[in-house]
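Residue numbers (the working numbering): 4 to 397.
Taking it in order: structure first as structure tokens, then the write-up.
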């Protein structure tokens with residue numbers, strides 16, 4: 004059976020996949036700078052005699068076509084970029100690039116897809132259809148590598164009927180995976196605000212236009228935009244993590260600077276909220292004699308897992324891993340540029356468990372101590388190969 008063949012090959016190549024992951028982890032590259040990573044992926048595809056093209060500078064798109072006739076196409080996606088974080092782990096594969104770290108598991112995603120490519124290349128005489136391998140740059144930085152690759156035609160020639168992606172999840176034990184059909188991850192917008200008043204002595208507030216007090220009113224008012232205008236059934240989050248006044252105990256500053264994030268799962272409400280927040284901020288500042296520079300940097304859209312596809316893929320995961328190793332997930336208000344694929348094609352984005360409490364591998368992504376339980380890579384490579392072949396009808 005095809006499942007047993009895949010499991011056997013996944014076991015045979017496991018050590019190679021771990022080596023790939025450790026090489027990538029040791030040599031991380033930031034978004035839009037994945038030159039060596041792209042070269043590494045290209046070299047491995049050359050070894051497997053898998054044809055590929057470059058896209059969005061450092062992106063790689065490979066094609067594996069089974070020898071049996073079929074016009075079905077499925078795409079598998081892995082991101083490749085790292086984060087501007089200094090690694091704190093004391094491991095043999097610790098990052099050699101100071102201030103750069105694979106703290107979101109993209110090294111695992113890329114090495115896993117290379118393993119899946121190896122499995123599929125060994126089985127190409129046994130299946131029908133085409134698997135498109137998308138090695139994507141710049142997931143972590145706007146405008147997002149997925150967006151750029153779609154603009155350059157990654158979902159054309161041939162056009163996939165489904166796009167599948169996976170992402171590490173340190174809250175799920177290694178050996179397990181998680182799914183959620185429908186809306187899964189949030190849109191992500193960055194907000195930058197400058198409240199410009201007139202500073203002066205703290206003992207003479209009547210001579211000033213106090214941007215600190217105005218900012219306090221603004222923060223409360225902006226939260227009311229969310230709580231009073233958003234449909235309660237539609238998740239929405241507005242958070243400000245940076246507020247800089249740079250005054251003193253007796254000094255009212257000239258201006259206050261804020262940075263925040265807005266996230267939701269409805270594009271119509273997202274656009275409406277942008278208008279309402281900007282209007283409230285500017286109007287409030289004007290009413291109090293101040294000026295306001297309110298900038299919204301629009302980020303990724305919300306991610307939606309197509310219902311029927313996700314049900315199918317979840318079923319394939321149950322077949323491959325067993326029912327007890329396939330979990331149901333709640334919505335997740337983080338962002339992910341895989342959302343761009345999900346907005347234009349039937350897509351499924353699932354979670355790969357990488358936790359091992361016994362070994363202390365429990366840190367969240369985007370932290371200096373993030374790591375993965377590498378045994379997860381045996382399941383991830385085989386599972387994605389199995390999903391691809393079953394989705395193609397094999």
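All residues carry an ideal CB built from backbone N, CA and C; glycine is no exception.
Item, Value
"Strand pairing of residue 192, partner residues [DSSP]", "265"
"Beta-ladder partner(s) of residue 295, from DSSP", "198"
"Rounded straight-line distance, which links the Cα of residue 390 to that of residue 349", "14 Å"
"Chain-order list of residues whose beta-carbon lies under 6 Å from that of residue 359 (same chain, five-residue window excluded)", "177, 376"
"Coil, strand or helix - residue 396 by DSSP", "coil"
"Extent of the continuous alpha helix (DSSP H) run through residue 319", "310-324"
"C-beta contact flag for residue 374 and residue 82 at 9 Å", "no"
"Bridge partners - residue 258, DSSP secondary structure assignment", "199"
"Assigned secondary structure, residue 28 (DSSP; H/G/I helix, E/B strand, else coil)", "helix"
"Beta-carbon gap between residue 91 and residue 371 smaller than 9 Å", "yes"
"Residue ranges of each beta strand (DSSP E) within the stretch 68-130, 3 or longer", "71-82"
"Own chain, CB closer than 7 Å to residue 1, minus 5 neighbours either side, in chain order", "Residue 1 cannot be examined here, being either before or after the span of the chain that is shown, 4 to 397."
"Alpha carbon of residue 149 to alpha carbon of residue 299, nearest angstrom", "21 Å"
"Buried or exposed (CB count within 10 angstroms, at least 16 for buried), residue 172", "buried"
"Cβ neighbours of residue 39 in the same chain (closer than 8 Å, five flanking residues each side left out)", "30, 32"
"Alpha-carbon spacing of residue 278 relative to residue 211, whole angstroms", "29 Å"
"contact_flag[the stretch 93-103, the stretch 113-121] where n(CB pairs < 8 Å) is 3 or more", "no"
"C-alpha gap between residue 67 and residue 263, whole angstroms", "43 Å"
"Continuous alpha helix (DSSP H) stretch holding residue 271: start and end", "270-290"
"Residue 227 to residue 270 span [Cα, whole Å]", "19 Å"
"Residue interval of the alpha helix (DSSP H) (run including residue 344)", "342-347"
"Candidates 189, 49, 88: closest to residue 104 by CA position", "88"
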